[in-house]
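Residue numbers (the numbering used here): 111 to 362. Glycine included, C-beta positions come from ideal geometry on N, C-alpha and C. Here the structure is laid out as structure tokens; the discussion comes afterwards.
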């Protein structure tokens with residue numbers, strides 16, 4: 111599926127606020143790029159990049175959204191990144207290299223996908239869906255720590271856990287969840303018990319959470335590590351469209 115014309119602006123507004131930038135800064139950056147392209151001018155690497163210096167920040171964040179990019183972090187990080195093209199700065203190894211003297215570590219590069227409408231998936235059978243926290247916590251205990259950490263169910267406020275019958279006891283097998291970003295985006299996550307993967311339950315759980323978020327008037331955001339082919343495949347199968355990348359390193 112494709113996004114409505116105004117959805118990119120809405121998404122960039124949410125990210126601008128998330129990064130502590132002015133509301134219209136992404137739109138202005140896109141306009142400058144368009145004006146330069148129309149004039150046939152070649153800009154130096156990173157010339158149109160939005161930057162914000164924050165000496166108290168405990169991370170360095172690079173975001174590229176719909177052709178506009180931003181870098182937020184301490185001033186020394188902005189200085190080190192000057193002249194580096196966006197394509198290189200989006201690579202986790204590049205941010206690690208420029209931040210290593212200051213303890214840069216972890217996080218990685220994540221693809222950002224978005225949707226403002228999705229087809230509704232219909233289950234083949236009647237399902238029990240729990241909104242409770244204990245079921246989501248139980249599901250996390252069944253999954254590899256790397257998956258649990260990437261999805262971060264504990265940070266997602268609205269959880270929809272699919273339960274299946276196991277000898278008379280209901281057990282959680284998949285959870286789709288989201289939390290609101292800036293009252294604009296539904297930042298989503300999906301976790302599936304490894305024993306129940308490849309059965310469509312991840313897509314179904316994600317669809318349930320997504321339609322709850324859409325009903326609340328939110329635009330959907332899917333953020334997943336660029337190497338997580340399974341999660342990205344679920345997002346694309348549901349109809350999410352690629353919108354950018356977010357690369358981050360922690361400091362200290």
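7 Å CB neighbourhood of residue i in its chain, flanking five on each side removed
i	result
residue 217	358, 359 and 360
residue 249	271, 282, 285, 301 and 303
residue 204	194 and 198
residue 120	294 and 329
Cross-strand partners of residue i (DSSP beta bridge)
i	result
residue 160	180
residue 332	223 and 298
residue 358	171 and 218
residue 203	According to DSSP, which records beta bridges pairwise, residue 203 is partnered with nothing at all.
residue 353	Partner(s): none; residue 353 has no beta bridge.
residue 282	273
Collapsed DSSP secondary structure at residue i in the structure displayed
i	result
residue 211	helix
residue 122	helix
residue 185	helix
residue 167	coil
residue 194	coil
residue 130	coil
residue 309	coil
residue 287	strand
residue 234	coil
residue 139	helix
residue 229	coil
residue 263	helix
residue 257	helix
Integer Cβ distance of residue i from residue j, believed to fall under 8 Å
i	j	result
residue 310	residue 223	Wrong, their Cβ atoms sit about 19 Å apart, outside the cutoff.
residue 127	residue 292	5 Å
residue 334	residue 342	5 Å
residue 351	residue 225	7 Å
residue 438	residue 344	Within the shown structure, residues of the chain are numbered from 111 to 362, placing residue 438 beyond reach of any answer.
residue 231	residue 131	That pair is no contact at about 36 Å.
Element boundaries [alpha helix (DSSP H), containing residue i]
i	result
residue 268	Taken as a continuous stretch (DSSP letters only), residue 268 belongs to no alpha helix (DSSP H), being part of the beta strand (DSSP E) at 268-276.
residue 249	243-250
residue 327	Where residue 327 is concerned, there is no enclosing alpha helix (DSSP H), given that its DSSP letter is neither H nor E.
residue 387	There is no way to answer for residue 387, as the model of the chain reaches only from 111 to 362.
Neighbourhood of residue i by C-beta distance below 6 Å, restricted to the same chain and skipping five residues each side
i	result
residue 240	271 and 273
residue 238	273
residue 280	273
residue 118	176
residue 215	360
The beta strand (DSSP E) enclosing residue i, as first and last residue numbers
i	result
residue 240	238-240
residue 292	Here residue 292 belongs to no beta strand (DSSP E), and DSSP marks it neither H nor E.
Neighbourhood of residue i by C-beta, 8 Å cutoff - its chain only, sequence neighbours within 5 removed
i	result
residue 256	none
residue 112	351
residue 306	274, 283 and 284
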